[in-house]
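Going by full-length UniProt numbering, the sequence shown wraps up at 1004, each residue one higher than the last. Here a beta-carbon is modelled for each residue, glycine too, at the ideal position from N, C-alpha and C. All values reported here derive from a predicted model rather than from experimental measurement.
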Amino acid sequence: MFKKHQESLAETGDINHPQTKKAEKNYTSTLNISQVKDYHDLKSGTYVPKTLEEQADNNKIKNRETVSELILQTGGDDKKKKNKGANQENSNERVESHLIKIKPNQHYEGKLISSDEQLDRFAESQMKLTRKLNWGKLGEDFIQKLVKTGGTINYSISLKNEVVAQEIADLSEDKKSFLQNTDSKLQSLVLLDLLKELSPAEVADFKSKTTAESSNSKDIENSLRKYIKDRNLRKKENDKRESITNSLTGNSMIDVYHKYKAYQKSQKVVDDWHKNPKHERAVPDNLLENAHSDFSIFEQAAKAMGYTTTEFIKLINQYEIAFRKETVHIAEDGLQKYRHTLFEQKKKLLDDAFLTNLLAKIKASKAKESYKEASRASAGASGMAFAERPTDKDRSFGQEMKALAISKKTEGNNAIGSLSSTTPLVQDNGFDKEGLANIETKQELRNFLANYISDQEANITRIIKNLHADQGLSIYGYANLLEKSKEQQGIAKDSIFDLIIADKESTRHIIEGLLIGVLAVALGLLTFGTGTVAVLLAAGVSAYLTYEEIETYRTQLAAYKVNISEDEPSAVWVIIAVVGSVLDIAAVAKISSKLVKAGRVFEESKSINQTRKILTEADLDPATQEKVIKALKDDLNRAKAALKNKIKENTIKHTELKVDIKESLNKAKNSAFTTNVFVNPEFATKLLPLAVKYIKSGVLSFEKFLLELQAAKIIKEIDKLSSEELSLLRKTFEDAKSLAKENDELADVEKGLGDNDISTMREIEKNAGDILAQNIIKGLRGKGISQDIIDQIIIRSKYIDAELRNTKMSEIVDYLSNNPKFKNPEDLLENLDGCFTGNTVKSDRALSLLNEFLEGKYWMERGERVIISKKLTPGKTPDNEVDVIIITGANKGIIECKRPNVTGANSENNVYANLQLILKKFNSERKLTQQWKDIYPKKFGQIEIANGAFTSLNTAEEFVNAVKNKGIIGTGDGKMFTLSELKSLEELHILVNDKRIIVKPNDW
């Protein structure tokens, strides 16, 4: 109806013409009340028609004119039609109108519109035209009056123009196909200009990736714009990478790189020195000298090539990031083309003839019969494998059945694979061929393929998201992708570029998210011409499974309605990892219950034979079984090695304790002693927890306690202990018994334990019945935190809860402990310790820490991975303490949190002062050094207003106005910060009255 109204307007040239008024009435009758209001708002004001001029008459002003028509047809009679109409007026030519609303004081490109040229360019931008057209003139005086009051211009497009028509005729057939279903002349012109930007190769590439319907010209336009935008970005990145590559090319540069790596190695020895508990003294001079010497050599080599060491290292990092970006693009190319395949296959599901044909071919393939025979033969082989006393004949029959099962399954797979000309999906590594073979009806077939396509589309989205996280770090999880990228980028083996990539790849164990590669492998994505992509991980399955890896496998299997608890023993996940690298995920899902059973049996019995029997029952071939057994043995050896290291650590601790106690006992001989006061508090700190543990383990007599100490070689001979030594030991034992019995003398015990260890056995015992405590224990154990540290974290959280009179600290610690997006659980205890002075909780510190924890939670719930309350360079000045770091994605940056605590008349000023502190954090090298700002570039601020200020605050505008009205923005006396400083914050979050108000740069 709107189109008819516009056609009538174009024909009459008068909005008040009876014919046009009737068309308008018919159109508005189709609108609701809101739409009618919008229509009249758009129509109101000065309403002026503006039409296209011929190229040859660009100085001619007409109120309405006929211009050469854009003719889409080509060849034969159509061409004659175009030529005939090229130079003739056509009174029946339909004019296409587009209403352009002009606001009062309308600007374009930052300038007030005051001329036809500016007005026309603005209108073209509103119509999304990519070329300049010649329009009728209105004159500067008229335009300036129009812009002053606002109004509406009717831009009429007739486009019967020989130049444009010739451009259409010159298009390739591939490009013309995109213009066949345009719904307006404007749309045709927009698509024409977009298509002209693409080379023939790019058109073919675009067609292989797009999922836009060719019948929807708007979708095609959006897809073309995105394709061109991505192409231009990639070209810009390629130019930058080429520039970096040129800077690093040459034998001299590779020599500098080798010297840089030598320095890195020697410096790491220095940096890691104190990580070894045996290294109590300072770093040896020879190690420091080696590092200094290697640095000097590296510095001189870099200088000879015209670089400082910082510049050279930056160049290396820039190249590696550029390599990653291009590799992500290469991966996306493959995934987008596969998505296009899914798109085309999905459309076929609406075609009844396609489904009829495919179903007939499935049944004719006899694959179903082959799979049935394979299943029967497999059952026969399994029966022989578990016979109590199998004869040679039984064994022979079992082998025959096993061979037949493999043969028939291969036969079924090949039969389904032969249908690839009908649907290429059967070639996917993760495709359930046997499931397809068992389908009986067209509806079943439609549902089966629709579900598969939907799952694959979701997996592609997930993989692309993962590829973009952390600037593409996850590319190092795809061996074949790396090789493909090296080949495509022309990286020669052993070149400096190859070495940079290899060095980065060698650190992939620290990169999270790599196991999403398993998902891509199992689902048959990212093949890169290698056929089945299970080979990506088959050569190097790790038995060291992380929580993230287990979650990946669980996600894969869930797609096949298989749910395995994350709490299954590690052996279960080792088996699934190995089998998943050999078989597709559908096959793994089918035998998942047997794989779980095998893992449980191995975990409990450590029996290779029992485990192998179950793997045989699962119909795994011998080669895969051997891979599984080897991985289980490796995992078992790793566990034994870890236990051995633990014993070694305990031996060291016992040795240290022995020395400490001996010294304490020697001092005790010469010290005053009463039954109420420990001779040496340090002695009590060391021995008391050990005594408690002995008592808890069943050592209930003092004599047994002495025997345990003697067995541990803490004391040599009991009968040679002096009376003073015996008294000291007995006093320690009795105090330990009191602790174990949960007496009420908590304060005295805490004196004995010291300010830095306020956890008690009484409180630890209570944790057994505390749900929050148990959740924290479960979460932190999974993150590698020792039980002793976990106990202290729980106790400190409870002390803070008691001070704050709620359970918020325990609740947030529980949340952080169990969230994989929280990346520094090792700092929890130190952060909680900071809330204490001695045994006293400092509520202001606790509330500030709680605010930081809760802010981290907010960003985790937005999907970000975070570090909370961390000293990035502890022991140095500055220590670069940060409240929250977003370590990944588009928001990668630092959040500075503040909690104003001054109440009363100065409460608002206290908020402004805290805002000033946030800005100083980012602007001062004494607070945060530049290297960390470069690594985490975005700046965020957060203020939790809990001091009574701004109680009625509801919007960002209200806060901005309050700051501006205070007169504290600017430079000079009385000013606190500049406008540019305020705008430097990506977001400022104001928390007040359970509301979160977000102030963005444009708000200022």
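Buried or exposed, going by whether 16 or more other CB atoms sit within 10 Å of the CB of residue i?
i	result
R862	exposed
S396	exposed
residue 1005	The question about residue 1005 has no answer, for the chain in this structure spans 1 to 1004.
D755	Low confidence applies here, because D755 scores a pLDDT of 37, under 50, leaving its location unreliable; read the following figure in that light. Burial call: exposed.
G875	exposed
A204	exposed
P104	exposed
E24	buried
Q180	exposed
A353	exposed
S810	buried
D294	buried
residue 1005	Residue 1005 is absent from the model: the chain starts at 1 and stops at 1004.
N965	exposed
L872	buried
R805	exposed
A773	buried
G580	buried
Go ahead and pull the three-state DSSP assignment for residue i.
i	result
Y936	coil
E925	coil
K857	helix
T435	A small correction: the amino acid at residue 435 is Gly; Thr does not occupy that position in the sequence shown. It is helical.
R446	helix
Q942	strand
W1004	coil
L988	strand
R899	coil
R234	helix
L425	helix
Y307	coil
S156	strand
R996	strand
G417	helix
I102	strand
S97	strand
I113	coil
I244	helix
I918	helix
I968	coil
Y478	coil
Assuming contact is defined by CB atoms lying nearer than 9 Å, are residue i and residue j in contact in what I supplied?
i	j	result
Q942	L988	yes
M860	K821	yes
G779	D814	yes
G139	D116	yes
F977	I990	no
E603	A577	no
A356	P424	With the sequence shown as reference, residue 356 is identified as Thr, and Ala is not the correct amino acid for it. No, these two residues do not count as a Cβ contact at 9 Å.
Q488	E326	yes
residue 1005	I800	Summary: the structure shown does not reach residue 1005, with the chain confined to residues 1 through 1004, and so no result is reported for it.
V999	F950	no
residue 1010	Y319	The requested residue 1010 does not occur in the structure, where the chain is confined to residues 1 to 1004.
E986	N923	no
Counting Cβ pairs, one atom from each stretch, are 3 or more of them under 8 Å apart for the segment 170-177 and the segment 109-126?
The segment 170-177, when compared against the segment 109-126, does not touch it at the 8 Å Cβ threshold.
Could you name each continuous alpha helix (DSSP H) segment of 4 residues or more that falls completely within the segment 829-883, going from the start of the chain to the end?
Counting only runs of at least 4 residues, the segment 829-883 fully encloses the following alpha helix (DSSP H) elements, listed from N- to C-terminal order: 843-861.
Evaluate contact between the segment 295-308 and the segment 482-489, counting only Cβ atoms and requiring at least three cross-stretch pairs below 8 Å.
Contact between the segment 295-308 and the segment 482-489 is absent, with fewer than three C-beta pairs closer than 8 Å.
Would you call the segment 573-592 in contact with the segment 421-434, where contact means no fewer than 3 C-beta pairs closer than 8 Å?
Inter-segment contact for the segment 573-592 and the segment 421-434 is present: three or more beta-carbon pairs are separated by less than 8 Å.
Quick check: the segment 124-132 against the segment 190-198, are at least 3 beta-carbon pairs closer than 8 Å?
The segment 190-198 is in contact with the segment 124-132.
Touch test, the segment 308-316 against the segment 246-257, Cβ-Cβ under 8 Å, three pairs minimum
Under the Cβ criterion (8 Å, minimum of three pairs), the segment 308-316 counts as touching the segment 246-257.
4-residue-minimum alpha helix (DSSP H) runs that sit fully inside the segment 569-628, ordered along the chain:
Runs found: 570-582, 585-590, 592-605 and 608-617.
Say whether the segment 882-898 touches the segment 907-924, bearing in mind that this needs 3 or more beta-carbon pairs closer than 8 Å, one atom from each stretch.
As far as the Cβ criterion goes, the segment 882-898 touches the segment 907-924, which means the pair count is three or higher.
Looking at C-beta atoms only, is the number of pairs between the segment 869-889 and the segment 925-945 that lie closer than 8 Å three or more?
Yes, the segment 869-889 touches the segment 925-945.
Contact between the segment 361-370 and the segment 435-455 (3+ Cβ pairs under 8 Å):
Taking a cut-off of 8 Å for Cβ pairs, the segment 361-370 and the segment 435-455 touch, as three or more such pairs fall below it.
Completely contained alpha helix (DSSP H) runs for the segment 124-194, where each covers 4 or more residues:
Taking only runs of at least 4 residues, the alpha helix (DSSP H) segments lying wholly in the segment 124-194 are 140-149, 162-170 and 173-176.
Report yes or no: do the segment 223-241 and the segment 264-272 share at least 3 C-beta pairs separated by less than 8 Å?
No: fewer than three Cβ pairs fall under 8 Å.
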